[in-house]
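Enquirer: Please see the structure below; I have some questions.
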Amino acid sequence: MGAGLLDQKDVQRGFRVELTDKGTDFVKSLRSQQLALDVFALAREVGRISENEVQTVMREGI
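What follows is the structure, encoded as structure tokens:
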């Protein structure tokens, strides 16, 4: 969020965190270094991103 990698959106029962275009590019660069999961672990803690959302981003966004 602060670095422009994540975008927080309000939803009916809380909020949802999504990768921005910059965040997707960042994760692509980390993927080969196996650091992407650290980014998502932080997103899960901060923004309650679900494991399914993590898997979707890893599968589709990268």
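Here this note's numbering is used: the first residue of the sequence shown is 1, the next is one more, and so on.
Think of the CB as a built atom: it goes at the ideal place given N, C-alpha and C, for glycine as much as any other residue.
Would you mind reading off the limits of the alpha helix (DSSP H) that contains T56?
Expert: Segment 51-56, the alpha helix (DSSP H) holding T56.
Enquirer: Can you tell me whether A43 is buried or exposed? The criterion is at least 16 other CB atoms within 10 Å of its CB, across all chains shown.
Expert: A43 should be labelled buried.
Enquirer: Find out if the Cβ-Cβ distance for the pair V17, L30 is shorter than 8 Å.
Expert: No; because the gap between Cβ atoms is not below 8 Å, this pair is not in contact.
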